[in-house]
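Inspection log for the structure reproduced underneath, given as structure tokens.
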Amino acid sequence: MDKDTEIQRLKNLVNGLASELIHVYATLQEGPFKGKNDAFFESKINDLKLLIKNLQDGG
Numbered sequence: 089m090d091k092d093t094e095i096q097r098l099k100n101l102v103n104g105l106a107s108e109l110i111h112v113y114a115t116l117q118e119g120p121f122k123g124k125n126d127a128f129f130e131s132k133i134n135d136l137k138l139l140i141k142n143l144q145d146g147g
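To get the working numbering, take the position in the sequence shown, counting from 1, and add 88.
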């Protein structure tokens, strides 16, 4: 697998993971955990956004 293909594969994996985490966060906000651990989830989402940006910038 060449470098560009591997980078694209990793981007796809990270984007999928980010989407799932955001979905979980949204679900928790509506459920019994509403209002709890907001800072934790926001922190993790921000970490993922930074990781995605770094991958999009070429690693």
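Cβ coordinates follow ideal geometry from the N, Cα and C atoms, glycine included.
Computed from a prediction, not measured in an experiment: that's the story for all the values here.
Following the continuous alpha helix (DSSP H) through residue i, name the residue where it begins and the one where it ends.
i: Lys141; result: Asp126 to Gln144
i: Gly119; result: Careful: Gly119 lies outside any alpha helix (DSSP H) and carries neither H nor E.
Anyone know if the C-beta pair for residue i and residue j falls short of 8 Å?
i: Tyr113; j: Ile133; result: yes
i: Gln144; j: Lys91; result: no
i: Glu136; j: Leu105; result: Before going further, note that residue 136 is Leu rather than Glu in the sequence given. Contact flag set, yes.
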